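Using my numbering, read the sequence shown as starting at 8 and increasing by one per residue. Note that beta-carbon positions come from the ideal geometry of N, C-alpha and C, so glycine has one too. For clarity, every value in this text was computed on a predicted model and none was experimentally measured. So the structure is just underneath, and the comments pick up after that.
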Amino acid sequence: MRAVAMQLALFALAFASAQGQKDQPDLTTLKIEDLMDIKVTSAAKKEQKLSNVPAAIFVISEQDIHRSGATNIPDLLRMVPGLEVAQINPSTWAISARGFNGEYADKLLVLMDGRLMYTSIFSGVYWDMQGVPLESIARIEVIRGPGATVWGTNAVNGVINIITKSARESQGGLAEVAGGTLEHGSGTVRYGGKVGSRGVYRLSANSFETGHFITPDGQSAQDDWHRFYAGFRADFDYPAKDSLTMEGNAVSGNEGEMVTTIVSIAPPLNATADMRLEFSEWNVLGQWKHVLSARSETSLQIYFDRFNRGDRTYNVGVNTYDIDFQHHFQWRRRQDLVWGLGYHFNSDSTTGSLRLSVTPTALNTQKFSSFVQEDVAIRPGQLSISLGTKFEHDYYNGFNWQPSARLRWTPDDHDTLWAAVSGAERTPDRADTAVRFNSTAIPGPENLPLLYSVFGNPGEKNEHLTATEAGFRKALSDRLSFDSTVFFNQYRDLESQEPGALRLEADPAPVHWLLPIHFANLLHGETHGTEIFANLKLAGRWTVSPGYSFLTLHIHRDEGGLDTRSGPQIQGGSPNQQAQLRSVVNLPWHWQWTSSAYFVGRLVSQQVPSYTRLDTNLGWQLSERTSLNLVGQNLLKSLHQEYNGADLTVLPSLIRRSAYARLTWRF
């Protein structure tokens, strides 16, 4: 893989043209007063100034990405206040907002250019399959709190919207090579050109090889990771009224994993196995935007996605078809309205084993949706209210609706206060309704083996959230701004694990005792907390960005519920406190130094102690087109653990201190 990465880079260098356009990122930071003028689209599916958004939103800009030194999207997300990012092994993360973290965090919706990355099999995101080069990302918009009114089910505690650059923003060529102590070798090539007089295109490829982490007893975790990515994008603009985007991505790879699995029921035998997981995915997306008038525009988006992944105990394949239509128009002088229709179809097929199986092995599901959201200017420029709802009909629980009401007050150009009440729902998936996971076999009574198994619940209900939020943004001067949020969330019908009665079972053979655990919806709870971050320009060349978040969770059993594990695991599975401090210094002679420190409180139920992570990136602009970065990650400790939840499908390993160098050439 290392050789492949080098070959990709050498190919790009050979193909370089001095006539290519530059794609040089701006390494200077924005003025503090300009931060509130950043345009975002994720909160209401229309372009808004960040200062006018009545939601807790954070933007990771192109400059933030370049300065971070991160090599993947999860590490970029660490800079978002209130977001919980925990690495499990080199290729696996647990990422959520406002609690309920897990390997498959089922209450966080993630999209890329409008395409869902949230999987319908295990209700979460396969972060290892997201291969788009970071150099091709324009920005990442992160909403903490529900976004279901416009994005639909599963946008419960947050939305992450990854927006890639248009082909017009990435003309010319780019070649990048990197290598270090953990990321042994990586290479990226990208080239953008023109198609006739109205079109532009971009082609890109990326390959890397990452080494292994360490087990708690000091051995290799055998969890190295390899991935290859290729993609294209084309954008066409037609005079005044129409634009067309077409893009496609393909990724394949494999990774090591340590898992606990049943070897046999009789005799009862369990083992820790070193396995190899393989994955592949390809997708295509098309989007047409049409301007009807100065006050009205429509968009139509269609995409198809196919992925496969599995190890020797299971395999999953999923086809996804999605159609989304949207109409945005200004109605009269004070009203702005967005509405849309959508259709989503999934077709899956699975193969199982003694360890894991799904019944039926193949299933087709569909979802119909519509939404409407209206902004009404009560006092233009100062006071407005947003009302909206999402209507959906899905395979598992039929009709649902997810309303919201948001109030925004902007007394002047430097202050924004907002408040919101929202509803959101998390729908069941195949694992919730149809899985059987045989976890452990032990000797049982009457000389028969005893099998512990977890079963899905075909009658699983939607989980419900009612969220109350309020926030305040202020630009105190041209050197200081801050953003703060408080929230109170109430959940009902949360998923529980209810013990069943001991019984004899003959399938799978031989005859054995079965102690089942069934999914149900017999938990409820509430969370509350606060999130605050600031941007402070200490000097003309030095900007610091501190952040802090506090979170408390309380989970309770419903009447008749018997689950004694899920509540404590949820409550103790997220840190009560997190803090961060990012520093960016523009040094003389084209040097730049960025450092990021992250404190994460302990995970009580997982016995994971608190830790502080320090990353640093020293960048040097060697010439107008060439840059060098020296990056250190996890510098304070040689090894540390970040997550050890009961929901894991793989054994966690210890994150290593690492360093790498990256050379980038634009042509």
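If contacts are defined as beta-carbon pairs under 8 Å, then residue i and residue j qualify, I think. What distance do you get, rounded to the angstrom?
| i | j | result |
| --- | --- | --- |
| Gly430 | Leu472 | 7 Å |
| Tyr208 | Ala174 | 5 Å |
| Ile169 | Ile144 | 6 Å |
| Leu560 | Gln585 | At roughly 14 Å, the Cβ-Cβ gap does not stay under 8 Å, so Leu560 and Gln585 are not in contact. |
| Lys114 | Val163 | 4 Å |
| Gly179 | Phe674 | 6 Å |
| Ile102 | Leu83 | That pair is no contact at about 11 Å. |
Which residues does DSSP list as the beta-bridge partners of residue i?
| i | result |
| --- | --- |
| Met282 | Glu264 |
| Asp329 | Tyr310, His351 |
| Trp158 | Answer by DSSP bridge pairing: none, since Trp158 is not bridged. |
| Ser401 | In the sequence under discussion, the amino acid at residue 401 is Asp, which differs from the Ser named in the question. According to DSSP, which records beta bridges pairwise, Asp401 is partnered with Lys374, Gly405. |
| Met253 | Ala241, Gly293 |
| Gly554 | Phe540, Gln587 |
| Gly186 | Ala668 |
| Lys46 | Lys56 |
| Ser300 | Ser303 |
| Leu181 | Arg197, Arg673 |
| Ser645 | Answer by DSSP bridge pairing: none, since Ser645 is not bridged. |
Kindly indicate which three-state DSSP category residue i falls into: helix, strand or coil?
| i | result |
| --- | --- |
| Val11 | Because Val11 carries a pLDDT of 37, less than 50, the predicted location of this residue cannot be relied on, and the following value inherits that uncertainty. The answer is helix: DSSP assigns Val11 an H, G or I state. |
| Pro410 | strand |
| Ser675 | Residue 675 lies beyond the stretch modelled for the chain, which goes from 8 to 674, so this question has no answer here. |
| Asp654 | coil |
| Asp343 | strand |
| Val196 | strand |
| Gly677 | Residue coverage of the chain in this structure runs from 8 to 674, which leaves residue 677 outside it and unanswerable. |
| Ile1 | Examination of residue 1 is not possible in this model, given that the chain is present from 8 through 674 alone. |
| Gly547 | coil |
| Glu467 | coil |
| Ala438 | helix |
| Lys29 | Interpretation of Lys29 is limited by its pLDDT of 39, a score under 50 that renders its predicted location unreliable; no figure is taken from the coordinates. |
| Pro452 | helix |
| Ala174 | helix |
| Asp231 | coil |
| Glu142 | helix |
| Thr36 | Annotation note: pLDDT 46 at Thr36 (below 50); position unreliable, coordinate value reported separately. Looking at Thr36 - three-state DSSP - the assignment turns out to be coil, as it is neither helix nor strand. |
| Asp500 | strand |
| Asp135 | helix |
| Ile169 | strand |
| Ser287 | strand |
| Asp382 | strand |
| Phe462 | strand |
| Thr473 | strand |
| Phe489 | strand |
| Asn164 | coil |
| Ala527 | strand |
| Tyr236 | strand |
| Gln337 | strand |
| Gly430 | strand |
| Ser130 | coil |
| Thr417 | strand |
Let me check you understand the geometry: is the CB of residue i closer than 7 Å to at least one non-hydrogen atom of the ligand HEM?
| i | result |
| --- | --- |
| Pro410 | This structure lacks the ligand HEM, and indeed carries no ligand of any kind. |
Curious, which full-length beta strand (DSSP E) runs of at least 3 residues does the segment 63-125 contain? 63-68, 90-96, 99-104, 115-119
Could you check whether the segment 639-654 touches the segment 614-623, counting it as contact only if at least three pairs of C-beta atoms, one from each stretch, sit closer than 8 Å? yes
If we count Cβ pairs, one from each stretch, closer than 8 Å, do we get three or more for the segment 209-219 versus the segment 230-245? The segment 209-219 is in contact with the segment 230-245.
Within the chosen definition, does the segment 268-288 reach the segment 195-213 through at least 3 CB pairs nearer than 8 Å? no
Contact between the segment 253-260 and the segment 273-292 (3+ Cβ pairs under 8 Å): yes
Output the residue ranges of the alpha helix (DSSP H) runs that lie fully inside the segment 560-642 and measure 4 residues or longer, sorted by chain position. 573-578
With three or more C-beta pairs closer than 8 Å as the rule, is the segment 438-454 touching the segment 182-198? no
With three or more C-beta pairs closer than 8 Å as the rule, is the segment 335-353 touching the segment 375-389? yes
Given 8 Å as the limit, is there contact between the segment 507-514 and the segment 549-566, that is, 3 or more CB pairs closer than that? no
Under 8 Å: do the segment 562-570 and the segment 112-125 share three or more Cβ pairs, one atom per stretch? no
Does the pairing of the segment 516-532 with the segment 473-490 give three or more beta-carbon distances under 8 Å? Contact between the segment 516-532 and the segment 473-490 is absent, because fewer than three Cβ pairs lie under 8 Å.
With a threshold of 8 Å, are at least 3 pairs of Cβ atoms found where one atom belongs to the segment 311-324 and the other to the segment 101-117? no
Looking at C-beta atoms only, is the number of pairs between the segment 318-336 and the segment 395-414 that lie closer than 8 Å three or more? No, they do not touch.
Quick check: the segment 457-472 against the segment 437-448, are there 3 or more CB pairs under 8 Å? yes
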